[in-house]
Each structure stands twice: as C-alpha cells, then as structure tokens.
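In the working numbering, the protein residues as written are 1403 to 1546.
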C-alpha cells in the first residue's frame, strides 16, 4: 500500500515543496536518516547515510528552532504547507521541477499540527520518539 500511495502522489504531482530532501544537522542533503529521542530528554541521536553510519548526538536539542535535522528537513513543509499533502503520520514532500521527494515518518502525535513556526510539543518530552527521512532522486522515483 505504501508504494501505491507514493506512485499516486508522484503521478499526479499534487504536492510541491521548495526543498524535498532530507537535511542533516548541518543543512546538508542526505539520502536518509534516523533520529531517536529517548524518553524524558530533549537531546537526540542521529544516524545518517554516509561512509560509515554511526549514531551520534544531534547538533541541537529537538525543541530548538535551528540546527536540528528534523527542523531543517521540515522547514519547507511549514513554509509551503498549503501546497503539500499530508497522509496521517507520513509526509511525502515532492519537488516536481527536480523530480525529487522526501518521505518523512515520525511517532509524534500532532507534530506540526498547527503548521506555523516549528515548535516541539512539550507533552511529548516524557516519551521516546523516532523520526525517519528518506530522500528519493529521479532515478529512484522512476523505478517505483
């Protein structure tokens, strides 16, 4: 079903975002990343694509508005939310001109629910959470 949803969204090109790639803490495009936020803390761990993936502390806490991979990846979603479709807790950002997409999955209820400036929901701090982002380039999109 996941592949069907991606194919439908890409085929009809119903969503557009300025940036449709996963960003790391340095605002560099990456193929994929996992972010883990343990319970009762705001610090996170980042595992990202690259030469030798390994868990490392994120560049900023999850409640800060800059310098965190989740914030940087989702900044275009917040800015261009009127043109982006959202499916439950799964977000697919597609940039038609470049034929790129980013699939963002998370476990945070009401995350970005108000689509204004980024704000961490404080009620979620006691809980552990995961974030996954996968970037797709035109070659991968065409093979789906």
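Note that the Cβ used here is the ideal one computed from N, Cα and C, for glycine as well.
Whole angstroms is fine: what's the gap from residue i's alpha carbon to residue j's?
{"i": "residue 1524", "j": "residue 1429", "result": "24 Å"}
{"i": "residue 1530", "j": "residue 1510", "result": "9 Å"}
{"i": "residue 1467", "j": "residue 1537", "result": "22 Å"}
{"i": "residue 1539", "j": "residue 1435", "result": "15 Å"}
{"i": "residue 1440", "j": "residue 1446", "result": "7 Å"}
{"i": "residue 1442", "j": "residue 1528", "result": "4 Å"}
{"i": "residue 1520", "j": "residue 1456", "result": "27 Å"}
{"i": "residue 1487", "j": "residue 1512", "result": "In this predicted model, residue 1487 has a pLDDT of only 49, less than 50, meaning its place in the structure is not dependable enough to derive any value."}
{"i": "residue 1534", "j": "residue 1424", "result": "9 Å"}
Where do the N-terminal and C-terminal ends of the beta strand (DSSP E) with residue i fall, by residue?
{"i": "residue 1435", "result": "1434-1439"}
{"i": "residue 1449", "result": "1447-1450"}
{"i": "residue 1533", "result": "1531-1538"}
Is the Cβ-Cβ distance between residue i and residue j less than 9 Å?
{"i": "residue 1508", "j": "residue 1474", "result": "no"}
{"i": "residue 1460", "j": "residue 1437", "result": "yes"}
{"i": "residue 1465", "j": "residue 1444", "result": "yes"}
{"i": "residue 1469", "j": "residue 1462", "result": "yes"}
Roughly how far, in whole angstroms, is the beta-carbon of residue i from the beta-carbon of residue j, given that I think they are within contact range, below 8 Å?
{"i": "residue 1471", "j": "residue 1427", "result": "5 Å"}
Task: the region 1444-1457 contacting the region 1503-1512, beta-carbon criterion three pairs below 8 Å - done: no
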